[in-house]
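Residue numbers (the numbering used here): 2 to 348.
Even for Gly, the Cβ is constructed at its ideal location relative to N, Cα and C.
What follows is a set of notes on a single structure, which appears directly below.
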């Protein structure tokens, strides 16, 4: 009986030793892989030097603008986490894998534990004051963070190029840049108009008396489309103005963002707006949106610039927006947009 017990104890000891060796070998392999994995450094748009894997396979995007750039660069197969905000429902139709993808950034803020559990090679975020807190938390947790800052058309292009570089998708990113540049060259060549003859444009933002100052993306969009932002002397993003100020500006065209609480009809039917040229001539238009609003700092904003240029200068600019949309969403999102969708967007 005693010998039997000794044999059992010996067997247990052997199992424990073997298991321990196995765990040690596995851990050692993991450590070796971790220490030998090739890396490189990049500089992101917050001016930070970031060390990332030479080949990035797993990414989390906590910023919707960054997510759009990932799609344009055809890197969506590398996504393992995505923000809940902005365009998610439409993105699920375009790329169904997103439907069950974790969302570590939501209304309650950043979920550091969930990001860590996803084991990303890189997390994509945005530079700027509003993102400082979340970005700091991720940095303190040792999360490899790359920030974009697409707050002008030029910076949007730079953001797409940066993400293309991070993902090893430089050619795909440059395809978008070439598309963008080609459309802008057409607009510029067809809107060589003296400054005093350019269309004056008022943007109705979150409500009809809130407009975009010179440093806001909507203002850049107006300028790129060949127009003049009547609120170009204002700085600081969305600003509240009076109807008296709008009357003094007397814009030729009014564009209403898709997320405005006031409709085009609200403006056209408002008695106080009737003396404004844009209202008298019924040149009040709502800016389209599909995945995102076309006036936001996302790749779709080139469609917004093209659409607005058509509206400002219908005799000089002749984009077939239905065909342009088919090309854009097919080329950059691998998605066939329907005629019904196009009609709804452009109505």
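By the neighbour-count criterion, in which a residue is buried when 16 or more other Cβ atoms sit within 10 angstroms of its Cβ, residue 311 is buried. At a cut-off of 4 residues, the continuous stretches assigned as alpha helix (DSSP H) that sit fully inside the segment 262-325 are 265-270, 278-281, 302-313. For a cut-off of 8 Å, the C-beta gap from residue 149 to residue 168 is around 13 Å, too long to register as a contact.
Contact annotation: residue 232 and residue 205 have beta-carbon atoms that are not nearer than 8 Å.
A straight line joining the alpha-carbon of residue 129 with that of residue 47 spans about 8 Å.
For residue 147, the CB contacts under 6 Å within the same chain, skipping 5 residues up- and downstream, are 45, 51, 123, 125, 167 in chain order. In this structure, the straight-line span from the alpha carbon of residue 104 to that of residue 224 is close to 36 Å.
Taking the Cβ atoms as the reference, residue 197 lies roughly 27 Å from residue 258, outside the contact range of under 8 Å.
Cβ-Cβ distances below 8 Å link residue 43 to 50, 51, 53, 147, 163, 166, 167 in the same chain, with the five nearest sequence neighbours on each side left out; the list follows chain order. The beta-carbon distance between residue 209 and residue 229, rounded to whole angstroms, is 19 Å. This is too long to meet the 8 Å contact definition. Of the residues 292, 203, 250, 325, the one whose Cα lies closest to the Cα of residue 265 is 203.
Within the same chain, and ignoring the five residues on either side of residue 127 in sequence, the residues whose Cβ sits closer than 7 Å to its Cβ are 64, 66, 67, 148, 149, 150. Taking a 10 Å sphere around the C-beta of residue 237, we find fewer than 16 other C-beta atoms and assign the residue as exposed.
Looking at the backbone, the Cα of residue 317 and that of residue 227 are separated by about 11 Å. The bridge partners DSSP lists for residue 203 are 255. No residue range can be given for residue 243, since it is assigned to no alpha helix (DSSP H) and is classified by DSSP as neither H nor E. By the criterion of a C-beta distance shorter than 6 Å, residue 278 is surrounded in its chain by 251, 253, once the five residues flanking it on both sides are discounted. Scanning its chain for C-beta atoms nearer than 6 Å, with the 5 sequence neighbours on each side dropped, one finds around residue 157 the residues 151, 298, in chain order.
Per DSSP, the continuous alpha helix (DSSP H) segment holding residue 140 begins and ends at 133-141.
Taking every protein chain shown into account, the CB of residue 221 has 16 or more other CB atoms within 10 angstroms, so this residue is buried. DSSP places residue 126 in the strand class (E or B) of the three-state scheme.
In this structure, the alpha-carbon of residue 319 lies about 16 Å from that of residue 328. Per DSSP, the continuous alpha helix (DSSP H) segment holding residue 190 begins and ends at 171-191.
DSSP places residue 118 within a helical segment (H, G or I) once states are collapsed to three. Of the residues 313, 321, 114, the one whose Cα lies closest to the Cα of residue 193 is 313. Contact check for residue 239 against residue 274 fails: the beta carbons are separated by 8 Å or more. With contacts defined by Cβ atoms closer than 8 Å, residue 60 and residue 81 form a contacting pair. The Cβ atoms of residue 268 and residue 242 lie no closer than 8 Å to each other.
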